[in-house]
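As you go down the protein sequences, you meet chains Z and L in turn. Each residue of the first sequence is one higher than the one before, starting from 921 at the first, in my numbering. Each residue of the second sequence is one higher than the one before, starting from 2 at the first, in my numbering. C-beta atoms are modelled at their ideal positions from N, C-alpha and C, and glycine is treated no differently.
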Amino acid sequence: MEVPILKQGEVLIATFQAALSDADLNHLRMGLVRQVVKFRSRAVIVDVTAMDVMDSFASRTLREIAHMIRLRGAETVIVGIQPEVAFAMVQLGLTLEGVATALDLEEGLAYLNEKFKTTN
Amino acid sequence: MSKRESITKESGTRSNSRVELVPSEAPSELLRELVAHLRQNRTQLREEWVVRITETRLLTAMTKEEIFAEATSVYDSYVEALETEAFEALQAYARNLSERIIPRGVETHEVVGIVLLLRDVLARSLFAKYQTDFKKLNRILDAYEPAANRIANTVAVGFVQERERVIRQQQEAIRELSTPVLQVRERLLILPIIGVIDPQRARQLTEQLLRGIRTNRAKVVVIDITGVAAMDVTVANHLVQTVEASRLLGATVIVTGLSPEIAQTLVTIGVDLGKMNTVGDLQGGIEQAERLLGYKVVTLAESR
């Protein structure tokens, strides 16, 4: 199952569905990293609201996406991590350090708007 | 036990020829005689028992009158339990008694102590009564001792059970009361933690906080631990994990009111201070949270 990537102004939005295979995740990663330059996007939002389990591969992929996007000149915000998932991730040592997070899509967009305003 | 009974019976049959007793004198009959004796000497024995209780400094939390009143009812239930061999009533009484005296700080050893004292007082009176007839005394004691021990056991177990019930109830109450997640401003939550945190409570706190962040859409959380004197390494680690998990939900955590001991613990486990946002007291924490949220509190005079 492929993850659709939506373009919303200067932001790219990718929404994770419930069960993604490792191949899907790799595909998404490459897709985002390519499109962020193609569309001259300033930021990427990855919405993981639908994921009630996050394994180490998915978590590592999220971090890699964030770091690769930064190298491509944009910023990443991970939104919609579930409370239980958040605590499970921290216990496994997957803290996504250096990656911005927000409660949900709305919050993530608000955070980016604020940031765009100050940097313009 | 059975061996002892058979010996008693033998000696009983042998002595029958001399001491005119019913041949089939059963333990229950002995008990009846015993109970009659205890009823007859109720006032004196009870008095003696109370004196012994005061002498050994038991039940110091209660007044003399109270001890006497309790002693009277304990004595009567004791004799009744001996007579009927029905321990349910005694058990219920023991539980009821415990309910009344536990809140006054009466300890387990005191309750067990007074029951054992009563046993001793009664045994002494039996010695005094039957000192001329050792065989009879033997048989009376054979009937008395198991019953008396069972009573002591019942009372002690009843007391301990009641105590445990109280403890369980209190734990339950603490669990329910202890973790309020409060919203003080739009998007600002406060989690005041008071008392001892064990790993179970820490887990519960985290769950409630993370859920609170989501339902209140909080951006900043102030965790105030002024009321926590110390925490062990496990709980300190848990606190750090809570801070990180909150960040994954997009909320910033400010920890306030760290005691010197907790600061020491956090330094010992090597917390990454870049991730922990700490402020000295709750007021400072709320002020910083307001800054983060873009609030500015001014007095009316200043705003004019």
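Residue(s) in a DSSP beta bridge with residue i
i                  : result
Val158 of chain L  : Bridge partners of Val158 of chain L: none, in fact.
Val957 of chain Z  : BP columns for Val957 of chain Z are empty, so no partner.
Gly228 of chain L  : L:Ile195
Val256 of chain L  : L:Ile224, L:Thr279
Gln289 of chain L  : Its beta-bridge partners do not exist; DSSP assigns none.
Glu995 of chain Z  : Z:Ala963
Ile925 of chain Z  : Z:Ala934
Thr1021 of chain Z : Z:Ile998
Beta-carbon spacing of residue i, residue j below 7 Å
i                  : j                  : result
Gly251 of chain L  : Leu1023 of chain Z : yes
Ile1001 of chain Z : Leu249 of chain L  : yes
Glu111 of chain L  : Leu60 of chain L   : yes
Glu49 of chain L   : Val122 of chain L  : yes
Leu283 of chain L  : Ala237 of chain L  : no
Val280 of chain L  : Ile255 of chain L  : yes
Val1005 of chain Z : Ile965 of chain Z  : no
Phe977 of chain Z  : Asp942 of chain Z  : yes
Val156 of chain L  : Ile103 of chain L  : no
Ala153 of chain L  : Val107 of chain L  : no
Tyr1 of chain L    : Arg47 of chain L   : Any question about residue 1 of chain L goes unanswered here, given that chain L covers just 2 to 305.
Leu127 of chain L  : Ile141 of chain L  : yes
Glu1 of chain L    : Glu163 of chain L  : An answer regarding residue 1 of chain L cannot be provided, because it is not within the stretch 2 to 305 covered by chain L.
Ala246 of chain L  : Val1010 of chain Z : yes
Ala938 of chain Z  : Arg962 of chain Z  : no
Val326 of chain L  : Thr253 of chain L  : In this structure chain L extends from 2 to 305, so residue 326 of chain L is not present and cannot be described.
Gly258 of chain L  : Thr227 of chain L  : yes
Met232 of chain L  : Ile198 of chain L  : yes
Leu1042 of chain Z : Arg983 of chain Z  : A query on residue 1042 of chain Z cannot be resolved here, the shown segment of chain Z reaching from 921 to 1040 and no further.
Gly286 of chain L  : Val223 of chain L  : yes
Any chance the region 209-222 of chain L sits against the region 967-981 of chain Z, with 3 or more Cβ pairs inside 8 Å? no
Taking a Cβ distance cut-off of 8 Å, strictly less, list which residues of the region 178-207 of chain L are near chain Z, in chain order. Thr207
Please name the residues in the region 222-246 of chain L whose beta-carbon is closer than 7 Å to at least one beta-carbon of chain Z, in chain order. Gln242, Glu245, Ala246
Are the region 140-154 of chain L and the region 78-85 of chain L touching, with three or more C-beta to C-beta distances below 8 Å? yes
In chain order, which continuous runs of the alpha helix (DSSP H) of length 4 or greater are located wholly inside the region 108-193 of chain L? 109-130, 135-178
Where are the alpha helix (DSSP H) runs, 4 residues long or more, that stay fully inside the region 73-109 of chain L, in chain order? 88-102
When you check each C-beta in the region 245-271 of chain L against every C-beta of chain Z, which residues fall closer than 9 Å? Glu245, Ala246, Ser247, Arg248, Leu249, Leu250, Gly251, Ala252
With three or more beta-carbon pairs closer than 8 Å as the criterion, would you say the region 288-302 of chain L touches the region 258-267 of chain L? no
Closer than 7 Å, Cβ to any Cβ of chain L: which residues of the region 1000-1024 of chain Z, in chain order? Ile1001, Pro1003, Ala1006, Phe1007, Met1009, Val1010, Gln1011, Thr1015, Leu1016, Thr1021, Ala1022, Leu1023
Chain Z contacts made by the region 90-117 of chain L, where a contact means CB separation under 9 Å: none
Runs of alpha helix (DSSP H) lying entirely within the region 36-61 of chain L, each at least 4 residues, in chain order: 43-56
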